[in-house]
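Residue numbers (this note's numbering): 5 to 164. By construction, the Cβ of each residue, glycine as well, lies at the ideal position given by its N, Cα and C atoms. Here is the structure we will look at.
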Amino acid sequence: MTYSTFNKTKNDALKEPMFFGQNVNVARYDQQRHAIFEKLIEKQLSFFWRPEEVDLSTDRKDFMAMADHEKHIFLSNLKYQTLLDSVQGRSPNVAFLPIVSLPELETWLETWSFSETIHSRSYTHIIRNVVADPNFVFDDIVDNPEIVKRAESVTRYYDE
5 MTYSTFNKTK NDALKEPMFF GQNVNVARYD QQRHAIFEKL IEKQLSFFWR PEEVDLSTDR
65 KDFMAMADHE KHIFLSNLKY QTLLDSVQGR SPNVAFLPIV SLPELETWLE TWSFSETIHS
125 RSYTHIIRNV VADPNFVFDD IVDNPEIVKR AESVTRYYDE
């Protein structure tokens with residue numbers, strides 16, 4: 005099966021399987037085979053927020069007061085979460101969009117992926133606010149064998 009972002013073949017999404025049918029052409033929300041996805045999309049969208057909405061003005065001072073080992077744990081956790089949510093922001097789309105056949109499922113997957121990018125952006129927002137040079141943190145992520153090893157324990161399933 006070849007994936008196309010614009011499937012020109014007319015289809016009835018109400019008769020398509022969730023996966024491995026025709027690619028979605030028109031994202032029709034007026035008729036849905038599985039209404040639960042619309043509810044899930046609405047729920048996810050209701051959680052939308054921007055990281056910049058959170059005031060972190062005292063966080064830098066609190067971070068600077070931490071012991072070195074506490075800073076290490078704090079930043080290592082953010083590095084790991086940044087990496088995993090970077091992956092999770094793209095992986096559901098890469099893995100599932102080429103095989104999904106229902107518009108409501110396609111949109112739910114895209115909404116899920118978008119939510120993961122918000123998580124990743126929130127870690128960037130925190131890091132920018134607590135360290136003088138964010139490059140020091142971000143440049144270490146893929147060079148840090150412990151972070152990479154932990155991430156591979158999850159990401160390998162997308163790559164297999």
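CB contact flag (residue i, residue j, <9 Å)
i, j, result
"L79", "V135", "yes"
"T128", "P55", "yes"
"T90", "Y162", "According to the sequence shown, residue 90 is Ser rather than Thr. Cβ distance not < 9 Å, so S90 and Y162 don't count as in contact."
"L113", "L101", "yes"
"Q36", "E108", "yes"
"S117", "F51", "no"
Whole-number beta carbon distance between residue j and residue i, since they are thought to touch under 8 Å
i, j, result
"E150", "A31", "No, E150 and A31 are not in contact; Cβ-Cβ is about 42 Å, not under 8 Å."
"D63", "I130", "7 Å"
"K83", "V141", "6 Å"
"T115", "L49", "7 Å"
Minimum C-alpha distance to residue i - residue among the options
i, options, result
"Q92", "P55, S124 and N15", "S124"
"V28", "V158, F140, T6 and L106", "L106"
"I103", "M22, S61 and L44", "M22"
"Q85", "V152, K14 and E164", "V152"
"S61", "R154, N133 and E164", "N133"
"W53", "A39, S126, N148 and N81", "S126"
C-alpha distance - residue i paired with residue j, whole-angstrom precision
i, j, result
"Y33", "K75", "47 Å"
"K47", "Y7", "29 Å"
"D59", "D144", "26 Å"
"E42", "M70", "44 Å"
"E57", "L44", "24 Å"
"D137", "F67", "14 Å"
"V98", "E20", "20 Å"
"D72", "E164", "38 Å"
"T13", "T159", "34 Å"
Bridge-paired residues (DSSP) for residue i
i, result
"V104", "F23"
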